[in-house]
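Report on the following structure.
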Amino acid sequence: MNPKRNNNRGITIFYAVFTALATVVLGLAITQMLGFTSRQANYLSNMDRTFRLAETGMNNAIGALTRVGFSAAMAQNQKQSFPADGGWEEWYRNTIKEITKPFRCYYIKTEARRERGAQCYSSVLHSYVETSNVGEYAAAVNDDCWLLQGTQFGDESKIYGLSLRFDNNTSVGRAQYIGSVNPPLNSKKYAANDLPAPDPSSSGFYSYKAQHILIGKHPDYELPQQLPAPLLLPQVTQADLDFYKLLAGPHTTVSDFTNYSAVYPPGYFGFTTNNAGDLYAAHTTQNRHHVYYSANTIKIGHQNDIANPEAAMTKIYGQVLFVSEKNIELHGSVVSADSAVFGSPSVSLPGTGRPDASTAHQGVFITPGDIVITDTFVDMTPNSYGFDFDGDGTVDPDSHYQVIEGFYIAPNGTIQPTSYETRAPTQYHLIHSQLLYFYFKGSWILNTTLATPDMKTVFGGYRSYQYMPSLKDKPPPYIPSLATILYTLEEVKDCGEVIGSASPSP
Amino acid sequence: MHSLLNKPHLRGITLTELAVVIAILSIAVFLTKIGVDFFNNLLRQQSLIQAQRDTQRIIYDIGREIRNSPKVLQVAEQNSNESGTILQLNSLDAGRWGFGPTFNKSGQVTNQQNVNNLFDPVNIGTVTYQYINDGTASYLKRTAVFRAGLSAVTNEKKLLLNIIDDPLQLPTTYQMFCTPDPYYKSRVLVEIHLNPPMSRNPRAIRSYKFEAMRRRSGL
C-alpha cells in the first residue's frame, strides 16, 4: 500500500467535497436571487394587469348603465373570461346597485382574477358613479369650445370643453373646462367678478349684458369651473352602432330624407297613413321605434324657397333618431315641428298615450363621422328687390336663413360647413360675407369645433346659437348618459376571498 | 557523513515544495478573491434588486393612492435642492370603514353607518409624500393623517431610506418628481430617481416613472 497515494486521495476527496459544497451554496444563492426577482416582477405585473381587468369590468358596467339604463344593465352579461399567458383571467361584475346615502349614485363592484400556474392574483374595484343627461349640455367639445359674441345658451344649459373661450355678451348656466379659459378667471368681463349686476328686468341690464359673460343665474353668477378630470362624453363606437341598428329593427333602408318636408318616427302608435310631407313607406305602429339607421351617409333638408322659407324647412315630429355609420349631411333647414320659427305652435306628439311615446319634437343626429352642412341650401333666384350687392351688374339672391335645430352627436368629428365659393355663378361668392345667416337651437357633442372653412366664414351674415331646454326636461330615448365617476377604491384581496370568481372558466 | 541538507533528495524536495506551496497559495488566494468578489457581486445585485423592487412597489402604491384619492391637494414641483418635492392628497379611510356598502338578500344596505363614515369629510385623511434629506439620511417620507375617534392619528414611514441619493451631490436631479400634466390636471406623473449606493457604479441613476390618471371626474 502506498501512503502517499492515500494522502492524495484524501486531498482529492476534500477538494471534491469543497467544490460540491461551494456549488450548492452558489446554486442556492443564485436560485434564491432569481426566484425572488422573478416573484416580485411577476407579482407587480400581474397585479397591475388585474387592476386593469377590474377597471375593464367597471367601464363595461358604466357603458351598460349609460347606454341601456339600470334595469337592462343588470340583465346583461356580467362576466368575461379569457385565456392568457398559459393561464386565464377574468373580470366579474359583482354588483350594480343604486344607493341614496350618503349621496345618490350607482355603486358598482367589479372583481378581477388572474391565474398563472399555481399563482393567483385578484383585486376588487368599488366605484361610485353618477349618471346624468348629456342633453343638459348645449355644447360639449373634446377640444377648444368658443362662445361667440351673442351666444345666449341661457341659465338652464351647460357647456364643456377642454379649454373655453368667451366673447362678451354670452350666457350659459354652467361652464366647465379642463385646461385653460379665456378670459382668465380674474377678468372683470365675468359677471361674477363685476357685481352687483343689474336686475335682468331693469333698463341697465341690456348694456351690462353686452359687456359681460353671464354664467349662472342672477344674482348668483359663477365663474367657469375647472374640472379635475375630463368628462366621459358619450362615444359612437361600433358597439354603439350595433346597438342602434338593433333598435332600428327594419328601419335601416332609407338614408336620403332630402325630399321629406316632415319626418315622423319610423313607428308610432296610431299610425294609419302617412302625414303630409312624410314619404317614409315602412312605418310601423310600434311606439318604441324611434331610430332610422343607415350604413350610408344620411341626408336631410333641402333647398331654401325664398318665397316661402318656412315651407322649405324639414320638420321633425316626435323624437326621431337618425344614426349613420358615415356622415350626416344637412342640405337645408331642419327644425322641430313646434319650433319658435313657426311661433311655437302646439303640435300633437306621435304615439301619445302609450308607453315609449315621444315626449317632445326633437331630431337627434348620431354619427361616428362629421355633421356636414352642404352648399345646396341657397336658392339662387334673384331677390325681388333687384339689389345688386356686389355691383357686378346682376341682381343678387336675397338673404337666406338656415335654421338647424336638434341634438347633434358627433363625438369623433365636427360640424363642417361647406364653402359656396366653389359654385358658379359668382353670386354665390358673396353669400358668405353678406347673405347667409345661421340659427342653431339645440345641443352638440363634438370632438372639435375646428373646421375649415369655419362657421364664421361660411355664415358670414350672422350666427345665433341657442340651447333647446326640452333636451334637458324631456330627453330623447336611447341617448347615452354622461357618466361621472365620483370615487373609486381598489381593494386587494386573496383569490379565495373574491366572491364572484368561484369557478374559473378558462 | 553527509549532512542532511547535503542529501540531494532532501534538497530537491525543499525547493520543489517551496515552489509548489507558493503556487498553491497563490492559486488559493486568487480563487478566494474570485469567490469573495463573486459573492460580493451577488449580494450587491441582490440588494440592488431589492431596492428596485421596493421602488417599484412604492411607485405602484403611490399610483394606487392617486387613483383612489378624492382630491389631489398639492403636487409641488421643486428642485430637490430645496428638499421640498411634495405630493399631497386626500384619502378615504377604507381600511377603517370598509370599501363600500354590503347588501342583504332584499337589496338593503347593511352597513350604512360605515358607508356614511367612509365619505364623511371629517374622516377623510391626508397622505403626504415628501422627499427628505435631514443631513444624516435621505428618504421618502409618507405621512398619513386620519381621524380616529376625536383625535387625529398620524402614521409616518420612511421609505427608500438612504437609497435616494443626496440631492446636494446631484443638484440638477429631482429625486422624487411629481408633476401634474400641464393640460390634464387629473394626471400625475411620479418619477423616482434611484441611486443605490451599493450599485457597482454609484453614479448610475435608475429612473422609475409612473403616470397615474385620477379616475374621479366631474364635480
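Top line first, the protein sequences correspond to chains U and E.
The first sequence begins at 17 in this note's numbering and counts up one residue at a time.
The second sequence begins at 1071 in this note's numbering and counts up one residue at a time.
Where a beta carbon is used, it is the ideal one built from N, C-alpha and C, also for glycine.
Note that the structure is a prediction, hence the values are computed from the model and not measured.
Proximity test, Cβ basis, 8 Å: residue i and chain A
{"i": "residue 1144(E)", "result": "Any reference to chain A falls outside this structure, whose protein chains are U and E."}
Coarse secondary structure for residue i, derived from DSSP in three states
{"i": "residue 9(U)", "result": "Any property of residue 9(U) remains undetermined from this structure, which presents chain U solely from 17 to 522."}
{"i": "residue 394(U)", "result": "coil"}
{"i": "residue 1087(E)", "result": "helix"}
{"i": "residue 1113(E)", "result": "helix"}
{"i": "residue 1128(E)", "result": "helix"}
{"i": "residue 1194(E)", "result": "coil"}
{"i": "residue 78(U)", "result": "helix"}
{"i": "residue 404(U)", "result": "coil"}
{"i": "residue 319(U)", "result": "coil"}
{"i": "residue 112(U)", "result": "strand"}
{"i": "residue 28(U)", "result": "helix"}
{"i": "residue 342(U)", "result": "coil"}
{"i": "residue 423(U)", "result": "strand"}
{"i": "residue 333(U)", "result": "coil"}
{"i": "residue 211(U)", "result": "coil"}
{"i": "residue 249(U)", "result": "coil"}
{"i": "residue 1248(E)", "result": "The pLDDT assigned to residue 1248(E) is 49, lower than 50, so where the model puts this residue is not dependable, and the model offers no usable value."}
{"i": "residue 34(U)", "result": "helix"}
{"i": "residue 59(U)", "result": "helix"}
{"i": "residue 272(U)", "result": "strand"}
{"i": "residue 126(U)", "result": "strand"}
{"i": "residue 39(U)", "result": "helix"}
{"i": "residue 232(U)", "result": "strand"}
{"i": "residue 1103(E)", "result": "helix"}
{"i": "residue 64(U)", "result": "helix"}
{"i": "residue 358(U)", "result": "helix"}
{"i": "residue 409(U)", "result": "coil"}
{"i": "residue 1149(E)", "result": "With a pLDDT of only 47 at residue 1149(E), under the threshold of 50, the placement of this residue in the model should not be trusted; the figure read from the coordinates follows. DSSP places residue 1149(E) in coil when its eight states are reduced to three."}
{"i": "residue 285(U)", "result": "coil"}
Residue interval of the beta strand (DSSP E) (run including residue i)
{"i": "residue 120(U)", "result": "Element bounds for residue 120(U): n/a, residue is neither H nor E."}
{"i": "residue 434(U)", "result": "Here residue 434(U) belongs to no beta strand (DSSP E), and DSSP marks it neither H nor E."}
{"i": "residue 454(U)", "result": "452-462"}
{"i": "residue 100(U)", "result": "95-100"}
{"i": "residue 1189(E)", "result": "That residue, residue 1189(E), is in no beta strand (DSSP E); its alpha helix (DSSP H) goes 1182-1189."}
{"i": "residue 370(U)", "result": "Looking at the DSSP string, residue 370(U) is not in any beta strand (DSSP E), and its letter there is neither H nor E."}
{"i": "residue 135(U)", "result": "135-148"}
{"i": "residue 171(U)", "result": "168-182"}
{"i": "residue 379(U)", "result": "378-382"}
{"i": "residue 506(U)", "result": "498-508"}
{"i": "residue 163(U)", "result": "153-163"}
{"i": "residue 1158(E)", "result": "1156-1161"}
8 Å contact criterion, which residue i and residue j should meet: CB distance rounded
{"i": "residue 149(U)", "j": "residue 485(U)", "result": "With 8 Å as the limit, residue 149(U) and residue 485(U) do not qualify as a contact, their Cβ atoms being about 12 Å apart."}
{"i": "residue 1188(E)", "j": "residue 1168(E)", "result": "7 Å"}
{"i": "residue 142(U)", "j": "residue 504(U)", "result": "7 Å"}
{"i": "residue 480(U)", "j": "residue 166(U)", "result": "7 Å"}
Terminal residues of the alpha helix (DSSP H) in which residue i lies
{"i": "residue 487(U)", "result": "486-489"}
{"i": "residue 472(U)", "result": "471-474"}
{"i": "residue 223(U)", "result": "221-226"}
{"i": "residue 260(U)", "result": "254-264"}
{"i": "residue 191(U)", "result": "Looking at the DSSP string, residue 191(U) is not in any alpha helix (DSSP H); the run it does join, the beta strand (DSSP E), is 186-193."}
{"i": "residue 1164(E)", "result": "1164-1167"}
Check your understanding: Quick one, which residues of the stretch 1156-1188 of chain E are near chain U if we go by CB-CB under 8 Å, in chain order?
Key -> Taking 8 Å as the Cβ-Cβ cut-off against chain U, the residues of the stretch 1156-1188 of chain E that qualify are 1162, 1164, 1169, 1170, 1171, 1173, 1177, 1179, 1182, 1185 and 1186.
Check your understanding: Do the stretch 165-184 of chain U and the stretch 1194-1202 of chain E touch if we need at least three Cβ pairs shorter than 8 Å?
Key -> No contact exists between the stretch 165-184 of chain U and the stretch 1194-1202 of chain E.
Check your understanding: With a cut-off of 8 Å, do at least 3 Cβ pairs link the stretch 282-300 of chain U to the stretch 382-395 of chain U?
Key -> The answer is no - the stretch 382-395 of chain U does not touch the stretch 282-300 of chain U, with fewer than three Cβ pairs under 8 Å.
Exercise for review: Please name the residues in the stretch 119-142 of chain U whose beta-carbon is closer than 8 Å to at least one beta-carbon of chain E, in chain order.
Suggested key: 119, 123, 125, 140 and 142: these are the residues of the stretch 119-142 of chain U whose beta carbon lies less than 8 Å from some beta carbon of chain E, given in chain order.
**Study point:** contact_flag[the stretch 59-70 of chain U, the stretch 115-123 of chain U] where n(CB pairs < 8 Å) is 3 or more
**Key:** At 8 Å Cβ cutoff, the stretches do not touch.
Review point. When you check each C-beta in the stretch 1184-1214 of chain E against every C-beta of chain U, which residues fall closer than 8 Å?
Key: Answer set for the stretch 1184-1214 of chain E: 1185, 1186, 1189 and 1190.
Review point. Looking at chain E, which residues of the stretch 220-238 of chain U have a Cβ within less than 9 Å of any of its Cβ atoms?
Key: So the list is empty, because no residue satisfies the distance condition.
Review point. Going along the chain, which residues of the stretch 1107-1120 of chain E sit with their C-beta nearer than 9 Å to a C-beta in chain U?
Key: Correct list: 1108, 1109, 1112, 1113, 1115, 1116, 1119 and 1120.
Exercise for review: Say whether the stretch 266-274 of chain U touches the stretch 220-237 of chain U, bearing in mind that this needs 3 or more beta-carbon pairs closer than 8 Å, one atom from each stretch.
Suggested key: Result no; under three Cβ-Cβ pairs closer than 8 Å.
Exercise for review: Flag this pair as touching only if the stretch 416-428 of chain U and the stretch 371-385 of chain U have three or more C-beta atom pairs under 8 Å; answer yes or no.
Suggested key: Three or more Cβ pairs closer than 8 Å define a contact, and the stretch 416-428 of chain U meets that threshold against the stretch 371-385 of chain U.
Practice item. Identify each residue in the stretch 58-77 of chain U for which the Cβ-Cβ distance to at least one residue of chain E is less than 7 Å, and report them in chain order. Key: Taken in chain order, the members of the stretch 58-77 of chain U whose beta-carbon sits within less than 7 Å of a beta-carbon on chain E are 60.
Review point. Taking three-plus beta-carbon pairs below 8 Å as touching, is the stretch 496-505 of chain U in contact with the stretch 243-252 of chain U?
Key: Yes, the stretch 496-505 of chain U touches the stretch 243-252 of chain U.
**Study point:** Cβ pair count under 8 Å reaching 3, the stretch 209-224 of chain U against the stretch 182-199 of chain U
**Key:** No, they do not touch.
**Study point:** Residues of the stretch 170-181 of chain U with Cβ closer than 8 Å to any Cβ of chain E, in chain order
**Key:** The stretch 170-181 of chain U vs chain E, Cβ under 8 Å: 178.
**Study point:** contact_flag[the stretch 408-416 of chain U, the stretch 276-290 of chain U] where n(CB pairs < 8 Å) is 3 or more
**Key:** Three or more beta-carbon pairs separated by less than 8 Å are not found between the stretch 408-416 of chain U and the stretch 276-290 of chain U, which leaves the two stretches without contact.
Point to revise | Residues of the stretch 495-507 of chain U with Cβ closer than 9 Å to any Cβ of chain E, in chain order | key: If the cut-off is 9 Å between Cβ atoms, the stretch 495-507 of chain U has 498, 499, 500, 501, 502, 503, 504, 505, 506 and 507 near chain E.
Practice item. Report the residues of the stretch 102-113 of chain U with a CB closer than 8 Å to any CB of chain E, ordered along the chain. Key: Flagged, chain order: 111 and 113.
Exercise for review: Count the C-beta pairs between the stretch 347-355 of chain U and the stretch 317-331 of chain U that are closer than 8 Å, then say yes if the count reaches three, no if not.
Suggested key: Touching, per the Cβ criterion.
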